[in-house]
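Here the structure is laid out as structure tokens; the discussion comes afterwards.
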Amino acid sequence: MEGEGKEKETEAKKIVHTYPLIRHSDMAEEVKQEVMELVVTACEKHSANNEAAARMIKDQMDKKFGPPFHVVVGEGFGFEISYECKNLLYMFFGGNLAICVWKC
Amino acid sequence: MPPTTAAKKALVQGKTAKRAKTSAQRLEQDDDLEEWKRSKQLAKPKDQLELSDAELKESIARVLTTTNPQQPDSLVEYNHKTGEFVVLPTTGNLVVVFERIGTYIHKDSEEARDQLIAQGIDLLQQQLFQACTFEQKDEGEDEISTQMETIGEVETTDEEKHDEEGEDDREKEEEEEGHGEGGEGGDAEDEHEDEAKGEEGDEAASKGPQKKLTNQFNFSERAALTYNNPVRCQETQTTPPPMATFSANVLQWVIYDAYLEDYAAQELEKLRERERKEKEKVPVAKHPAVEVKKPSGRAQLSEAVQGRVLECWKVLERMLNQNTYDEIAKDYRYWEDPSDEFRDEEGTLLPLWKFVYEKTKKNTVTDICWNPWYYDLFAVCFGFLDFMKPSTEGAVCLFTIKNPSYPEHICMTDSGVMCVDIHPKYPYMIVVGQFDGNVLVFNVQATCKKPAFKSNAVVNKHTGIISEVKWAPDLPDGEMNFYSAGADGNINNWVLMQNELSVTTITTIYLDKDPVPGPDDLTFTNNTHLGSASCISFHPKEKLIYLVGTEMGMIYKCSTNYSSMFLMTYQAHHKPIYRIDFNKYNDDIFISCSGDWRIKIWEDMRPEPLFVFDVGHSVGDVKWAPYSSTVFATVTTEGKVYVFDLNVNKYKPICIQAVVSKRRNKLTRIAFNHKLPIIIVGDDKGCVTTLKLSPNLRIPCKAPKKQQYLDQWTLQCMKLEKLLSLVREPSTLTVPTDTASSQAS
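Line order of the protein sequences matches chains H and W. All residue numbers for the first sequence refer to the working numbering, where the first residue is 12 and numbers rise by one. All residue numbers for the second sequence refer to the working numbering, where the first residue is 6 and numbers rise by one.
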């Protein structure tokens, strides 16, 4: 894995971006920023444990915006969800993580 | 409680009396007993004494004494203190066999009274009531006892039965015995206490209305059942919160691509931002001080928002103005003075909006200029002409007739602004000449706060008032340039370089006087007299040729190619020339006005004017109309606007109208709109008035029947030519030599 990563870097000489990148969201701007910060905090805290990160995000979201929130943190997955409007955030972070937060 | 006990006693005695009555019956009963006894074998103890009859009949007297045989007498006790026996006192013969504390209390006692009060029974009232009942019955005082209540009485069913039996008897007995028992009541109480208990009920039954006692056994409850409100059901169904579905696939390459895409977008945005900044800088960048670092992030956003808000406000302001000045707007658009039809040859001016800016009310309008690009926009210079009272600041305001209440752009300057010109190609580039000799170039599109270019106050400037500035056609390499005429006699050409204004003095005007010799003959100095240019006008076609009017009343025809000589000199006026204007249709014809009250129309290279008009007051400005070759308008210090149409009347103006108050205001400048039939005039109180020309003032040329195909331009030229040929003639007649020269020109 390491070798591969290096190869990729050397062949393209590309910067690995790690900043939070919101892919899709219909939240209000302020809420979006808040959730994004929360996700960043959680993912940095539990960098090795996606489950813990997801749990932390979910708990915090439930507390802040009222349950029930669902959170998926992972490197590869597919999903089709139905969510309550204005309560969806789908973002990338750290270059290899996708985080999907929604309320339903 | 003496009365009560007395009553009880009466009852007891009543009973004994009853027994006495039935004594005969009892004797019989005894006999029966004897018989019954005999028939039975009585059981007796074995050790019972057998006594003879005599012994049995012997009577043995038994005496009861009050002494207690059990009681020890002469009890002694050893006293250790005195060391001897001491006789104790006898304990007495009283033996208490049974003791019981009763629950009755005396009615008249303190305690009873308190209790009665506590129960809400008024003693006094009760006594009164009792007294009444006694009188009715005509009975003695003793009766009170029977009426009295016993507190704490308990009724039992058994006793009630008794009552029924002997009620009648008892009442009688009570009456009889009441007399004797008044005194002994107190003693008898103890004896009869127990007995009386049982009998209480009887008394209670015979008494008057009973008082309700409240205790835990005796109470009443009341309740009421109220209506139950009818139950109604009402339900409503809310719309469920809006839901939506979303689906995506997360793969590492998806994430990678998304980041790349976003990064590229960011880069592009940065690039654009940079470009935009540079673009903004261009006009203003010449002054490094203007380069203020743009606040980043939120501040920048708020700036953008402010800009948008400002735009909204501007729209709103215009809407309000449109409402406020609705009538004027309609007049401007539709009003054509109908009286013109009956007043041939003469016309009127209809005042429309007035433009005033609060801060420049004290300034004089020194120049006005329509924007060549936007027909509704015009620039107004605020400076001062009364040089005895200089004002410290000036301004250039750009007004639009769409908003008469407030200038569209305001460029404040630190010195009075004397003249202005708007670039014909770049309508946002405005050049102004100041009282202090400096020229400024504003780019109103970028900012009005700072001039984009400014002449150097020390080396590159006029040493007098700048009387007129004019944009010149761009140089071959695209640089903008303009000319300025100053009171120091210099005509300068300014080129807008990358960072600064470069200045070239084209010519310097000298008076036609001999040089004054210096004080010392040896050092012969030429102190020539400098003329001062008061106006400048460029030939519309030949860009090299220009006319300069001076304070001395001369008009010089010059070429930019020759700095040391004039092509022609006209002895035009006797006082400063305020304006020279070329005719819009014929380039050889120009008009001049002066402080000597005169307006003169000249032809190129002809030293005498073709027309001279005297209006009786200093003429501030004169302009040819853009729509007609023979119409021009002037303003005078008297506050009047004169409109001439040479085609209609060669001697008199076709319209004289006072626009401002004669006493207070002077009109200084006038300008025709290029498109619309309106003119603007400025006065010395910082006010600009818009006037609409009535139809008579702008009659279009009628094509002759034979030449219908000719357009308006040609017709106008023909009209002017025809007129000129009329005026040229006399001059050829009177001065034959001149004819040749005029023909030559």
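Even glycine gets a Cβ: it sits at the ideal position worked out from N, Cα and C.
What does H/C96 reach in chain W if we use C-beta pairs closer than 9 Å? The residue you call residue 96 of chain H lines up with position 85 of the first sequence. Under the 9 Å cutoff, chain W gives P246, P247, M248 and A249.
Chain W residues whose Cβ lies nearer than 7 Å to that of H/F90: Translated into the one-based positions of the first sequence, residue 90 of chain H becomes position 79. Within chain W, the residues placing a beta-carbon under 7 Å from that of H/F90 are S252 and A253, ordered along the chain.
Simplified DSSP assignment, three categories, for H/K75: The residue labelled residue 75 of chain H in the question sits at position 64 within the first sequence. Here H/K75 sits in helix by DSSP.
Does the structure place the region 659-669 of chain W close enough to the region 360-373 of chain W that three or more beta carbon pairs sit under 8 Å? With a cut-off of 8 Å on Cβ pairs, the region 360-373 of chain W is not in contact with the region 659-669 of chain W, counting fewer than three such pairs.
Which residues, in chain order, does the region 262-285 of chain W contribute to contact with chain H at a C-beta distance below 7 Å? Under the 7 Å Cβ criterion, the region 262-285 of chain W contributes A263, Y264, D267 and Y268.
Going by the DSSP bridge assignment, what does W/W607 pair with across the sheet? Taking the first residue of the second sequence as 1, we reach residue 607 of chain W at position 602. W/W607 pairs with W/F595.
Note down, in chain order, all residues in the region 102-113 of chain H with a beta-carbon under 8 Å from any beta-carbon belonging to chain W. Those residues of the region 102-113 of chain H placed with their C-beta closer than 8 Å to a C-beta in chain W are F103, G106, N107, L108, A109, C111 and W113, ordered along the chain.
Are the beta-carbon atoms belonging to W/Y337 and W/L357 less than 7 Å from one another? Counting from one through the second sequence, the residue named residue 337 of chain W turns up at place 332. Counting from one through the second sequence, the residue named residue 357 of chain W turns up at place 352. Contact check for W/Y337 against W/L357 passes: the beta carbons are separated by less than 7 Å.
Below 8 Å on the Cβ atoms is my contact criterion, and I expect W/V1 with W/I514 to pass it. Report the Cβ-Cβ distance as a whole number of Å. Outside the displayed range of chain W (6 to 750) lies residue 1 of chain W, so it cannot be described from this structure.
When burial is assigned at 16 or more other CB atoms within 10 Å of the CB, is W/K45 buried or exposed? In the second sequence, the residue the question calls residue 45 of chain W occupies position 40. Exposed is the call here.
Per DSSP, the bridge partner or partners of W/V640: What you label residue 640 of chain W is simply residue 635 of the second sequence in a count that begins at 1. When beta bridges are read from the DSSP output, W/V640 appears opposite W/D626 and W/V646.
Give the straight-line distance between the Cα atoms of W/C416 and W/P343, rounded to the nearest whole angstrom. Here the question's residue 416 of chain W lines up with position 411 in the second sequence. Here the question's residue 343 of chain W lines up with position 338 in the second sequence. Computed Cα separation, rounded: 41 Å.
Is the beta carbon of W/L725 closer than 7 Å to that of W/Y632? Along the second sequence, one-based indexing puts residue 632 of chain W at 627. Along the second sequence, one-based indexing puts residue 725 of chain W at 720. The Cβ-Cβ distance between W/Y632 and W/L725 does not fall below 7 Å.
Taking the beta strand (DSSP E) that W/Y561 belongs to, which residues open and close that run? Numbered from 1 along the second sequence, position 556 holds the residue referred to as residue 561 of chain W. Secondary structure note for W/Y561: its beta strand (DSSP E) is the uninterrupted segment M559 to S564.
Within 10 angstroms of its Cβ, does W/A462 collect 16 or more other Cβ (buried), or is it exposed? Within the second sequence, residue 462 of chain W is the residue found at index 457, counting from 1. Per the 10 Å Cβ criterion, exposed.
Which chain W residues are close to H/L32, counting only those with a beta carbon under 8 Å from its beta carbon? What you label residue 32 of chain H is simply residue 21 of the first sequence in a count that begins at 1. Simply A263, Y264 and D267.
Taking DSSP's pairing of strands, which residues face W/L535 in a bridge? As a position in the second sequence, residue 535 of chain W is number 530, starting the count at 1. Partner(s): W/Y515.
Suppose you measure from the CA of W/L54 to the CA of W/F103; what does that come to, to the nearest Å? Taking the second sequence and counting its residues from 1, the one referred to as residue 54 of chain W is at position 49. Taking the second sequence and counting its residues from 1, the one referred to as residue 103 of chain W is at position 98. As the crow flies, the alpha-carbon of W/L54 is around 35 Å from that of W/F103.
Following the continuous alpha helix (DSSP H) through W/L61, name the residue where it begins and the one where it ends. For the purposes of this step, residue 61 of chain W is taken as the residue at position 56 of the second sequence. D58 to K62 is the span of the alpha helix (DSSP H), which, as asked, contains W/L61.
W/Q257 versus chain H: which residues are under 7 Å apart at the beta carbon? For this step, residue 257 of chain W is matched to residue 252 along the second sequence. In chain order: E86, G87 and N107.
For the beta strand (DSSP E) holding W/R118, just list the boundary residues, first then last. Working through the second sequence from its first residue, we reach residue 118 of chain W at position 113. Where W/R118 is concerned, there is no enclosing beta strand (DSSP E), although the alpha helix (DSSP H) it sits in stretches over E115 to A123.
Name the chain W residues whose beta carbon is nearer than 9 Å to that of H/L99? For the purposes of this step, residue 99 of chain H is taken as residue 88 along the first sequence, with counting starting at 1. Going along chain W in sequence order, the residues near H/L99 (Cβ under 9 Å) are A249 and F251.
Does any CB atom of chain W fall closer than 7 Å to the CB of H/H28? Here residue 28 of chain H refers to the residue found at position 17 when the first sequence is read from its first residue. Interface annotation, H/H28: in contact with chain W, CB-CB separation under 7 Å.
Is it right to say W/D626 is buried, meaning 16 or more other beta carbons lie within 10 angstroms of its own, or is it exposed? Position 621 of the second sequence, counting from 1, holds the residue named residue 626 of chain W. Buried, because 16 or more other Cβ atoms sit within 10 Å of the Cβ of W/D626.
Of the residues H/P79, H/I110 and H/N98, which one's Cα is nearest the Cα of H/T52? Here the question's residue 52 of chain H lines up with position 41 in the first sequence. The candidate whose alpha carbon is nearest that of H/T52 is H/I110.
According to DSSP, simplified to helix, strand and coil, what is W/M248? As a working note, residue 248 of chain W is residue 243 in the second sequence. It is a strand residue.
Nearest-angstrom Cα distance between W/V732 and W/L615? For this step, residue 732 of chain W is matched to residue 727 along the second sequence. For this step, residue 615 of chain W is matched to residue 610 along the second sequence. Each residue's alpha carbon lies about 6 Å from the other.
Between the region 443-455 of chain W and the region 497-514 of chain W, do three or more beta carbon pairs fall short of 8 Å? A contact exists between the region 443-455 of chain W and the region 497-514 of chain W.
Within 7 Å of any Cβ in chain A, is that where the Cβ of H/S93 sits? You won't find chain A in this structure, because its protein chains are H and W.
Give the interface partners of H/H35 over in chain W, defined as CB-CB distance under 9 Å, in chain order. Position 24 of the first sequence holds residue 35 of chain H. Residues of chain W with a Cβ closer than 9 Å to the Cβ of H/H35 are, in chain order, F251 and A253.
Within 7 Å (strictly less), CB to CB, does W/I4 reach chain H? Residue 4 of chain W is absent from the model: chain W starts at 6 and stops at 750.
Output needed for W/D173: all residues of its chain with C-beta closer than 7 Å, excluding positions within five of it in sequence on either side, in chain order. Numbered from its first residue, the second sequence carries residue 173 of chain W at position 168. With a pLDDT of only 47 at W/D173, under 50, the local geometry of the prediction cannot be trusted, and no value is derived from it.
If you draw a straight line from the alpha carbon of W/N566 to that of W/P481, how long is it in whole angstroms? Taking the second sequence and counting its residues from 1, one reaches residue 566 of chain W at position 561. Taking the second sequence and counting its residues from 1, one reaches residue 481 of chain W at position 476. A straight-line Cα-Cα distance of about 16 Å links W/N566 and W/P481.
I believe W/G421 touches W/F383 by the beta-carbon criterion, under 8 Å. Please report the beta-carbon distance rounded to the nearest angstrom. Here residue 421 of chain W is taken as the residue at index 416 of the second sequence, counted from 1. Here residue 383 of chain W is taken as the residue at index 378 of the second sequence, counted from 1. The distance from the Cβ of W/G421 to that of W/F383 is about 19 Å, inconsistent with a contact at the 8 Å cut-off.
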